[in-house]
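Here is the structure we will look at.
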């Protein structure tokens, strides 16, 4: 297994200067809050618990009345601020704890807030229990339950899909739409507060969709059930229709705090405005640089325009990162600063670390990428540098995980996949292709026959029934031929069945890659293209991406037998691992999309597929596919909005890493040559040329900014060349150096390393080869 070749900057970078975040002055409440301050007791109690707030955090905690926008950068301790302010209101301002409402998005986050509040100064378990720390759905469910809504909550998404599938069957559309796609689209409309009666119905397809949605809503009503979207919408309409109910909430909850505000959709935003409109003691906490859920209805403008909606709002920026090393924070800063629709901020670092800066690899394709990462991870584990549970592998799209999951399965690496529970080869758009290959080797595989019927536009139940019935009477060499006996089959359909059998026969002698390409070229791509299930959302490009990934997998094999044997092994091992694994992630590698990683952190992060076409994703740059994600934007704004959201995704991925970050940019993606992600390259721009200089290389002077990094001094403009005098750390594990810039500095015989505190000695550095 080959070892990856690491680079300190992405290949193709214009600059070789590594971006570092400025270091924050570690001034905390112990220095900021004096014993003479009236609230000193509160902060002294916090310090006794090991909680020492920095200046922006103290400012947010001390905020009393009026709206407050708290911009919480990645790893800046926002949860600490939320719970400390809740306790501060009770302990210092004597606010009734029953009037406090803290709203967040996940049950886990709500439970963490409840637990931490109970240990805050001035609070005990009894008082803390009266503070409402809830998810949006839990808060709204409590409201509608008290007003007579007794419907059963649909918590099983599989049950929802089965219900939609039953509706499709009744309408004769079971082979036309995917239930999960329809449910996603319906949720999008509802969270944008678009009434189903307002949906367009000018075409046959629009009428079909509208009818499906209406039948689904009628089924829920008839079965006395509601889904999670209904909880929010029912609460909103209830408060609109019953002013007394709204006034009761407004009078009770006089202080409201909302976590992860950048993720709020229109319904949630309107609910918060309604309940908080009387007192406007509304504290929102979030990071506009981490808005990555537009496809779920999150509206970026809500956090960006908060101070316009509430003109008296104060703004506090939590810009001190406690999570990551200066080089990781610096890379995040250098990536996200190129977004225009954002609140300007530069995160500062606090974490002194001997870890290497982010490293970059350039494998040839996704399979080599997986092999390299596996090799690096195994070496880290075998040398007891890291454990499996320290590492996370993040990717833009679910199909990016195919190769790495295969490597982990085949080498018995413990992992938890936080995405699809089924194998890549069992996905609905991949399985029919595999079934065609299987039939080429075993024409009597009835499971595979059933799997391809949909691609012939034949009802599965009806098709497999006639095949099995006729086989019992007279077996045929190719059982598919029995389909010709289906009643009301048109001549062109009979011809298509004969052509399909002929195609399947021809596959047996082909290499797997060529066989898949033939299937796609002959009918499958056009089948997916014309299938209505792919028109209702921005699914089309994602489907093509998945099939391209299937080709990448097949390319490694010379025969259908070897490829299908490999596929079966992967499927079976994955099922075995699923049955054996527990939910304990302590000693397992975490595999997840970047979307699922938000809010989490890991000692080691491998970011894979960081190349053009995947990051940014090709679908995000196709404005025709964005009508459901950015419905109110024009074409130009949609593309700009999508590109900025893709950059935010890259930023979120980078800032999940605490100590080590390895970024992989395969040279080929989906069979085509791909450059490293523009987001990475933008963090390493070419040095600016001085217009008065005859040559960019003739200048040796530089303006340096004062560094508190404990690492290389980053030039403010031109990069100097040649050998300079420098302080160099004597520790073998530390690579820190600092340029000698003053006569006073030069007279010293030794000094302490600002990073590891070891002694430094005088030496020299050749800046012409710096960071290469």
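Residue numbers (the numbering used here): 1 to 772. In this text, a Cβ means the ideal position worked out from N, Cα and C, and glycines have one as well.
Whole-number beta carbon distance between residue 19 and residue 683, since they are thought to touch under 8 Å: 6 Å
Give the DSSP bridge partners of residue 102, in chain order. Answer by DSSP bridge pairing, in chain order: 133, 257.
Output needed for residue 450: all residues of its chain with C-beta closer than 7 Å, excluding positions within five of it in sequence on either side, in chain order. 460, 464
Which value, in whole angstroms, describes the spacing of the CA atoms of residue 666 and residue 578? 29 Å
Mind listing, in chain order, the continuous beta strand (DSSP E) runs of no fewer than 3 residues lying wholly within the stretch 255-322? 255-258, 282-286, 314-318
DSSP-derived helix/strand/coil call for residue 695: Here residue 695 scores only 44 on pLDDT, less than 50, and its place in the model should not be relied on; the value that follows carries that caveat. Note: residue 695 maps to coil in three-state DSSP.
Buried versus exposed call for residue 385 [16 or more other C-beta atoms within 10 Å across all chains shown]: exposed
Would residue 653 and residue 394 be called neighbours here (beta carbons separated by less than 7 Å)? In contact: residue 653 and residue 394 (Cβ atoms closer than 7 Å).
Check whether residue 681 and residue 13 have beta carbons under 7 Å apart: yes
Of the residues 490, 351, 527, the one placed nearest residue 430, counting alpha carbons only: 527
Could you say if the stretch 115-135 and the stretch 76-84 meet the contact criterion of at least three C-beta pairs nearer than 8 Å? yes
Which ranges would you report for the beta strand (DSSP E) in the stretch 333-372 if only whole runs of at least 3 residues count? If we require 3 residues or more, the beta strand (DSSP E) runs fully inside the stretch 333-372 come out as 359-361.
With C-beta atoms as the reference, is residue 588 less than 7 Å away from residue 418? no
Within 7 Å, strictly: CB atoms of residue 271 and residue 322: no
How many Å lie between residue 677 and residue 611 at the Cα? 4 Å
Unbroken beta strand (DSSP E) run spanning residue 455, endpoints: Counting along the chain, residue 455 falls outside any beta strand (DSSP E), and DSSP gives it neither H nor E.
So, for residue 516: in the same chain, excluding its five sequence neighbours on each side, which residues have a beta-carbon less than 7 Å away from its beta-carbon? If we look at residue 516 and ignore the five residues flanking it on each side, its Cβ neighbours are 433, 550, 551, 554.
Does the stretch 300-312 touch the stretch 37-51, meaning 3 or more C-beta pairs lie closer than 8 Å? no
Answer with buried or exposed for residue 658, where buried requires no fewer than 16 other C-beta atoms within 10 angstroms of its C-beta. buried
Can you tell me which of the three DSSP states residue 220 falls into? helix
Are the beta-carbon atoms belonging to residue 786 and residue 616 less than 7 Å from one another? With the chain running from 1 to 772 in the structure shown, residue 786 is simply not present.
Touching or not, the stretch 255-270 and the stretch 296-303, by the rule of three or more beta carbon pairs under 8 Å? yes
I'd like to know whether the C-beta atoms of residue 42 and residue 121 end up nearer to each other than 7 Å. yes
Own chain, CB closer than 8 Å to residue 522, minus 5 neighbours either side, in chain order: 503
Tell me which same chain residues have a C-beta within less than 6 Å of the C-beta of residue 72, skipping the five on either side of it? 78, 285, 287, 318
Look at the alpha carbon of residue 436 and the alpha carbon of residue 332, and state the distance between them as a whole number of angstroms. Approximately 45 Å between the Cα atoms of the pair.
Assign residue 363 to buried or exposed, taking buried as 16 or more other Cβ atoms, counted over all protein chains shown, within 10 Å of its Cβ. buried
Suppose the cutoff is 6 Å on Cβ atoms and the five residues either side in sequence are ignored; what does the same chain contact list for residue 467 look like? The residues 479, 482, in chain order, have a CB closer than 6 Å to that of residue 467 in the same chain once the five nearest residues on each side in sequence are set aside.
Please tell me whether residue 378 and residue 407 are closer than 7 Å, where the distance is taken between their beta carbons. no
Is the beta carbon of residue 370 sitting closer than 7 Å to the one on residue 404? yes
Which value, in whole angstroms, describes the spacing of the CA atoms of residue 402 and residue 193? 37 Å
What are the start and end residues of each continuous beta strand (DSSP E) run of 3 or more residues lying completely inside the stretch 47-73, in chain order? 68-72
How many Å lie between residue 277 and residue 87 at the Cα? If you take the alpha carbons of residue 277 and residue 87, they lie about 23 Å apart.
With a threshold of 16 other CB atoms inside 10 Å of the CB of residue 609, please say whether the residue is buried or exposed. buried
Quick one, which of 173, 443, 154 has its alpha-carbon nearest residue 224's? 154
Can residue 234 be considered in contact with the ligand GTP, in the sense that its beta carbon sits closer than 6 Å to one or more heavy atoms? The ligand GTP is absent from the structure shown, which contains no ligand whatsoever.
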